[in-house]
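Residue numbers (the working numbering): 13 to 135.
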């Protein structure tokens with residue numbers, strides 16, 4: 013969350029193919045490609061993915077991730093939990109807290125795409 017790459021114009025490993033696993037990269041498209049749909053994948057580029065469609069077009073990913081907290085209760089909370097696969101019982105089975113983008117939760121738990129949710133032990 014706190015990496016400057018989310019909000020600056022620097023590219024990272026921009027010559028690496030997007031389908032290569034295990035390489036963090038930031039491409040020119042992040043800075044300039046308009047989009048209305050976003051996808052997050054955990055572990056590899058083609059598995060454990062969650063997609064989200066916005067009700068408006070964003071000018072770029074940089075614009076989205078520089079915009080501050082954007083509440084969006086239409087996030088697929090079950091899909092996000094499925095992608096990250098936390099053990100049942102490690103989190104509370106309750107509605108998403110602060111769903112959206114650029115989310116800052118208590119105790120420095122932050123997410124660029126997601127929501128807050130207490131651990132079961134937090135009550």
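C-beta atoms are modelled at their ideal positions from N, C-alpha and C, and glycine is treated no differently. Just so we're clear, the structure is a prediction, and the values are computed from it rather than from any experiment.
- In its chain, beyond the 5 residues on either side, 74, 77 and 78 have a beta carbon closer than 8 angstroms to the beta carbon of residue 19.
- For residue 33, there is no enclosing alpha helix (DSSP H), as DSSP marks it with neither H nor E.
- In this structure residue 113 does not touch residue 127 by the C-beta definition: roughly 10 angstroms separates them, more than the 8 angstroms allowed.
- Between residue 115 and residue 88, the C-beta spacing is not below 8 angstroms.
- In the structure shown, residue 17 falls within a helical segment according to DSSP collapsed to helix, strand and coil.
- Within the same chain, Cβ atoms closer than 7 angstroms to the Cβ of residue 24 are found at 17, 36, 37 and 38, the five residues on either side in sequence being excluded.
- Around the C-beta of residue 111, 16 or more other C-beta atoms lie within 10 Å, and the residue is accordingly described as buried.
- For residue 55, the closest alpha carbon among the candidates 48, 34 and 130 is that of 34.
- Rounded to the nearest angstrom, the gap between the Cα atoms of residue 53 and residue 59 is 6 angstroms.
- The alpha-carbon separation between residue 46 and residue 64 amounts to approximately 15 angstroms.
- Residue environment for residue 70: buried (at least 16 other C-beta atoms within 10 angstroms of its C-beta).
- For residue 104, no beta strand (DSSP E) run applies, since DSSP gives it neither H nor E.
- Distances from the CA of residue 84 to each of 100, 96, 108 and 98 were compared; the closest alpha carbon is that of 108.
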